[in-house]
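Protein chains in written order, with the numbering used here: chain A, 518 to 1313; chain B, 2 to 172.
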């Protein structure tokens, strides 16, 4: 209440170009001008970065000041009169421009930045058409920054936005400005490739053509591109993007500013995954397998073939032998119609939780896994506990928000199975084997009960009584309890943990005892949408309980027919070995997929080319529960059709009721009607836990790297060339290596599910004892079994 | 990379001698505990002295590891200041100021005299590895220009005779 009048009197009166303004103390002149719509030219200033004041382009005249002042570094004072276009200001700006252009090459015609270049634009307004400089221009050798960013360092004007981005936003200082004066060169140390998962943002930040997109290099001019609003399809954030197209081709993807979600940033995965769209694997025509031969056919034929096949299985073995597996990055419309088809045929076997192993708590799960708070709320938390999450790589935008909070003092702790390299100042870091995560969390719950004086919920009390409380547990408990805004977040690795239900129950208890907000950071772009759409076996849309097989049961229970949507079982399932053999032994497999592979050709009977996110309309529900709809950016390639349309026609062919949609919006609106009334609180119930399960001698950590999460990103070459794209390998710590007789640099024989693969050995102390870090979802480990489960390893 | 590196890279740290470490620690102690990087300039000087007057990339990396700094940040400092060398230098490094005051008072003659006497150009080292000539910016001794710096000593109001005497006194 104290706000309004106080704040009014706190405001300072200033004048810019004769316009009277009231602004908060501490505001810089350039911010006040921007808010008032008065343009001041600038290069180094950026609203999301610290003030460097090194380009001097924003010099303005301030009354009573003896010389022009930089608007970006001059705080407003009461009664200040600023002139941005006075003769003095203009002369200063033009002079700075002349200096900046001394060394800048005149290579605009071959520069990728042309047409969206801040230097070009400002030079139009403030530059001269003739140069007075006749000496030699400076030439700077280009730097290698990896597969995503191209450099033309002669164009660099040393604004240092990229350097500040690394330090302040990405949280890892990789770029710098070695040298002095004329000899300064922006570079990474020894030209190391940039490792940040947000590195592409420096392309947007660079005001000139020094840092440009490597995949987009020489591909087009901005004015030739048409911009389409869309939603990024890889993580639960739902970053807003602009898909730029030309002549029905996706040229590039850029962030669309949305202060509430991704601000103006974009993760590299969301920015560069589009390179997978034109992969040679793209399936462009429907295909059917007849007598072991693949034949291209038309949609009518292919759909008939698919429907007849499914009906044949239904008649012969019953509808309950038909199952559907869908990628959690499918659109809500696709997932809703897929479950409608499957349920319409009389089966409830549908799931999108492809990496999940423990489904025991599914009936007490909330309507959908969400964060229970907005993404922007994370800026203001005071304490966070991350369980089974490598937020930095799993959801870079969420990590950025946590980092902002962390920088202003928030205490962030983690309980993980790998000591991940966070760009946070972690308060506590508990690293333990995957089957011990729940016990560690139980320790926090007990510590919270002690510190709060509240009692542990009855269902838990006896099952966690034997857990020892460590100092780390106490510290985490104190952090959560002391904080005004605290949150407990379960990540992708918690949800794919073999004890997920125990973890979830204990995380609930921890949140309840500490008053923290409980949230899930779920897999894929649309886990929330999948839950709401009923792409789970136990709940139809609108929450009616149903009884079907989950993703794990489907691949182990001898199903006769599968419908696969946007997924590749050997890369996407928690047990690729079982998944593939389930596909091979099924009588009939329908693949709705943008990509066809040789493996798919072996097990599938029909391949239906469905559209990736750029070629279909649809909706993603993000981790806040926000429904974000988008339209197709380009027409589908070849004979590709949007997945929802294909499913709609399959519904018609099956003569199911209620498949008369004319547009994807009809599908969305129908689901919206069914789910609008749902309780959105994401807190599930606290249930009894069993922490005494037997622990294998050696357990696998089947980490899915950020560039292996879905079929599109796996096909983006530039991303696959980065260090973050893990290859198949085995990493163990020194103790385990000694125990197993493994040597760094040698090959190990890894045995799981009766298969053996040879993998290179790395010794990493970030892995707990008796654990083997073997990435899942990558070539070389797809023959293996459970991503989190027992594994045998021997020296090669 | 995705794995946290909790333990310091001992192989890198071993490049810094025990005496140098002790010396760096003295400097680290002068700053707040969470501002270790403030000692970077001292650390660069100490390690440069330890390594016959020049720094290598490995040593820069080692300092970064020792002070918990990004390597690029140490590299920025090492490349910014002219007193840090990244290539081998002679036993005696003659840093001649050629800024405006010294220039007006005859630094050109100082340079040409030394170049002739030692048979090398600015930025070069004599074949026997004894002398390096280096052009530097203002060292703040304008009042007695022209001047040069040798080790930690300033030599001011230079004349050819003084220069000859200086060079001859060095072994």
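Positions of the beta carbon are idealized from the N, C-alpha and C atoms, including for glycine.
Here the structure is a predicted model, which means the values were calculated and not measured.
Cross-chain neighbours of residue i in chain B, by beta carbon under 7 Å
i	result
residue 706 of chain A	72, 73, 76
residue 1281 of chain A	4
residue 1240 of chain A	2
Short Cβ contact (8 Å threshold) for residue i with residue j
i	j	result
residue 47 of chain B	residue 25 of chain B	yes
residue 1265 of chain A	residue 1278 of chain A	yes
residue 1151 of chain A	residue 1005 of chain A	no
residue 1206 of chain A	residue 1022 of chain A	yes
residue 1058 of chain A	residue 1204 of chain A	no
residue 41 of chain B	residue 64 of chain B	yes
residue 159 of chain B	residue 149 of chain B	yes
residue 953 of chain A	residue 918 of chain A	no
residue 1091 of chain A	residue 1069 of chain A	yes
residue 866 of chain A	residue 839 of chain A	yes
residue 856 of chain A	residue 1052 of chain A	yes
residue 1160 of chain A	residue 1082 of chain A	yes
residue 669 of chain A	residue 737 of chain A	no
residue 1141 of chain A	residue 892 of chain A	yes
residue 601 of chain A	residue 531 of chain A	no
residue 756 of chain A	residue 798 of chain A	no
residue 1003 of chain A	residue 900 of chain A	yes
residue 906 of chain A	residue 993 of chain A	no
Local Cβ density within 10 Å of residue i, reported as buried at 16 or more and exposed below that
i	result
residue 153 of chain B	exposed
residue 1271 of chain A	exposed
residue 34 of chain B	exposed
residue 564 of chain A	exposed
residue 492 of chain A	As shown, chain A starts at 518 and ends at 1313. That puts residue 492 of chain A outside it, with no answer to give.
residue 1179 of chain A	exposed
residue 30 of chain B	exposed
residue 734 of chain A	exposed
residue 1267 of chain A	buried
residue 684 of chain A	buried
residue 629 of chain A	buried
residue 521 of chain A	Because residue 521 of chain A carries a pLDDT of 46, less than 50, the predicted location of this residue cannot be relied on, and the following value inherits that uncertainty. The residue in question, residue 521 of chain A, is exposed, as its Cβ has fewer than 16 Cβ neighbours within 10 Å.
residue 1097 of chain A	buried
residue 3 of chain B	buried
9 Å Cβ cut-off: residues of chain B touching residue i
i	result
residue 935 of chain A	3, 4, 5
Candidates the options: closest to residue i by CA position
i	options	result
residue 712 of chain A	A:692, A:729, A:701, A:698	A:692
residue 986 of chain A	A:960, A:966, A:1133	A:960
residue 703 of chain A	A:731, A:744, A:657	A:657
residue 1259 of chain A	A:1287, A:1183, A:1237	A:1287
residue 81 of chain B	A:697, A:727, A:571	A:697
residue 1036 of chain A	A:1147, A:1055, A:813, A:1012	A:1012
residue 940 of chain A	A:920, A:840, A:931, A:932	A:920
residue 593 of chain A	A:631, A:725, A:548	A:548
residue 956 of chain A	A:1190, A:1067, A:1019, A:1240	A:1019
residue 1079 of chain A	A:1103, A:995, A:1281, A:1064	A:1103
residue 472 of chain A	A:1128, A:1137, A:1172	Since the first residue shown for chain A is 518 and the last is 1313, residue 472 of chain A is missing from the structure and cannot be characterised.
residue 863 of chain A	A:830, A:878, A:873, A:882	A:830
residue 909 of chain A	A:561, A:759, A:784	A:784
residue 1276 of chain A	A:1249, A:1283, A:804, A:694	A:1249
residue 805 of chain A	A:741, A:817, A:796	A:817
Partner residues on chain A for residue i, Cβ-Cβ distance less than 7 Å
i	result
residue 133 of chain B	Going along chain A, no residue has its Cβ under 7 Å from residue 133 of chain B, so there is no contact; the nearest lies around 19 Å.
Closer than 8 Å at the beta carbon, the chain A residues around residue i
i	result
residue 8 of chain B	1282
Residue i: CB within 7 Å of a non-hydrogen atom of the ligand MG
i	result
residue 833 of chain A	Ligands in the displayed structure: none, and consequently the ligand MG is not present.
(message) Any C-beta of chain A within less than 9 Å: which residues of the stretch 88-104 of chain B qualify?
(response) none
(request) Could you run through the stretch 55-69 of chain B and flag, in chain order, every residue whose CB is less than 9 Å away from some CB of chain A? (result) 58, 61, 62, 65
(request) May I ask you to list, following chain order, the residues of the stretch 674-698 of chain A that have a beta carbon less than 8 Å from some beta carbon of chain B? (result) 689, 690, 691, 692, 693, 694, 695, 696, 697
(message) Please list, in chain order, the residues of the stretch 885-913 of chain A that have any C-beta partner in chain B closer than 8 Å.
(response) 907, 910
(request) Note down, in chain order, all residues in the stretch 918-944 of chain A with a beta-carbon under 8 Å from any beta-carbon belonging to chain B. (result) 935, 936, 937, 938, 939
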